[in-house]
C-alpha cells in the first residue's frame, strides 16, 4: 500500500474551552490592572485635593490606600496571582467605602461612591467575590444608617437620604445578582457546548474512536515523554484486509458496520492506557505506551486473532474479517512522521506476506 505523508502540527491545538479560559484570564488581567490603576489615580487626586483643603484625616486615608493599591499592582505584576490581586482590590473597595460612608466625605456624598464601586467589584472580581463585596458594602451602609452616629462616631444622614440610598442600592444589587446569574448560566452552557464540540472534533463518528487529530496530539505527547524520561512505546499501523471486497459485495452500509465492529474489538482488547484511533478509511492506528518489542508483537497478534473472531454477517452471510498490522517500536530520538512511515512499510510487508498477520521487522517476504 502507498505510503502516506502525515502532517504533524508543531504545537497541540488548544481546545475551545482552553481558548475561552485563556481569553478570560487576559480579560481579568486587564481589568485588574485597570481597576487598581484607576483607583490609585482617583485616590491620589482626591487625597491631594483634600490635603490642600485642610481635610487631613480624609486626605491621609486616601493617600495611604492609594499606596496600598499601587502595592497591589506591583505584587500582581511580579506574582501574576489573580486571587491575591482580587482580594487586595476587594479590601481596598470595602475599606474606602466604609471610610466614605462613615465620614460622609464631602457634604455627605461619600455613600454615593457605592454605585461605581459596586459596578467595579462585579466587573473586576470573580462573580462570587464581587457579589460578596457588594453585599458587604450594603451591610456597611446599613450599619452606619441604623446605628446612632453618637455610638460609632459616624456622620449623620437624613432619613430621606437613607431610604432613597438603601432602595436604589438594593435595586442595583438585585439587578447585578440577576445579571450574574444569567451570565453564569450562559457561560456554563457555552462551556458545555465547547466541550461537546471539542469531543466531536476529536472523535470518529462511525466507530466512536478517537480520530487522527487526537492521535497526533497523543503521539507528540508520548514522543516527548520518551525523549525526557526514556519511556519507549510502540505504534501499530493496521489495515482491514480486502475491505473493498466487502463494500463491492455487500454495500457500503455493510462496510460501515464492519469498521464499527472492528473499532470496538480493537478497543476492547487493549490495555486501559493504550489508545486506538481510526486513522482514515479502513486504517487504524494503535499507540502502546511503555511497551517492549515483545509485548507489542504479542498485542498485535492478539488483535489479529480477535478480529477473526468477529461475528460479521452481512445479508445473513458469515464473512470472516481479518486485519494486517505493521509494528514499529520507538526507543530513541526521531520524528513521528518517520515512525508512522516505518510502521506503514511493515504493514505493506504484512500484506505481501499473506495478510492477517503482524510484521515487526522489514525482512524479505
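Residue numbers (UniProt numbering): 1 to 365.
The C-beta atom is built at its ideal place from N, Cα and C for all residues, glycine as well.
Separation of residue j from residue i, as counted between CA atoms
i	j	result
residue 238	residue 182	50 Å
residue 128	residue 66	25 Å
residue 87	residue 124	11 Å
residue 161	residue 200	58 Å
residue 28	residue 117	17 Å
residue 353	residue 322	14 Å
residue 266	residue 231	23 Å
residue 148	residue 102	12 Å
residue 203	residue 281	14 Å
residue 302	residue 185	48 Å
residue 108	residue 131	25 Å
residue 73	residue 126	17 Å
residue 152	residue 17	50 Å
residue 272	residue 298	16 Å
residue 40	residue 194	38 Å
residue 135	residue 92	15 Å
residue 294	residue 270	15 Å
residue 349	residue 311	27 Å
residue 261	residue 268	11 Å
residue 150	residue 104	14 Å
residue 61	residue 71	15 Å
residue 113	residue 164	14 Å
residue 243	residue 356	13 Å
residue 154	residue 49	22 Å
residue 30	residue 189	25 Å
residue 283	residue 22	36 Å
residue 26	residue 45	28 Å
Check whether residue i and residue j have beta carbons under 8 Å apart
i	j	result
residue 133	residue 159	no
residue 78	residue 32	no
residue 313	residue 275	no
residue 285	residue 246	no
residue 304	residue 210	no
residue 43	residue 115	no
residue 206	residue 287	no
residue 35	residue 120	yes
residue 145	residue 166	yes
residue 346	residue 360	yes
residue 220	residue 140	no
Spatially closest choice to residue i from the options, by CA coordinates
i	options	result
residue 98	88, 111 and 304	111
residue 142	60, 170, 348 and 122	170
residue 332	223, 64, 210 and 172	223
residue 316	329, 271 and 249	249
residue 24	227, 283 and 187	187
residue 290	146, 225, 91 and 140	225
residue 90	69, 60, 350 and 178	69
residue 279	45, 60 and 344	344
residue 292	244, 233, 348 and 96	233
residue 59	283, 189 and 96	96
residue 57	26, 22, 71 and 100	100
residue 228	104, 283 and 334	334
Whole-Å CB distance - residue i paired with residue j, under 8 Å assumed
i	j	result
residue 241	residue 306	Not really, about 14 Å apart at Cβ, beyond 8 Å.
residue 63	residue 47	4 Å
residue 326	residue 263	That belief does not hold up - the Cβ atoms of residue 326 and residue 263 are roughly 18 Å apart, past 8 Å.
residue 358	residue 300	3 Å
residue 191	residue 20	7 Å
residue 380	residue 122	Nothing about residue 380 can be reported from this structure: the residues present for the chain run from 1 to 365 only.
residue 296	residue 329	6 Å
Open item on the list: Could you check whether the stretch 80-94 touches the stretch 48-58, counting it as contact only if at least three pairs of C-beta atoms, one from each stretch, sit closer than 8 Å?
Closed with: no
Open item on the list: Three or more C-beta pairs under 8 Å: does that hold for the stretch 246-262 against the stretch 331-350?
Closed with: no
Open item on the list: Quick check: the stretch 208-217 against the stretch 148-159, are at least 3 beta-carbon pairs closer than 8 Å?
Closed with: no
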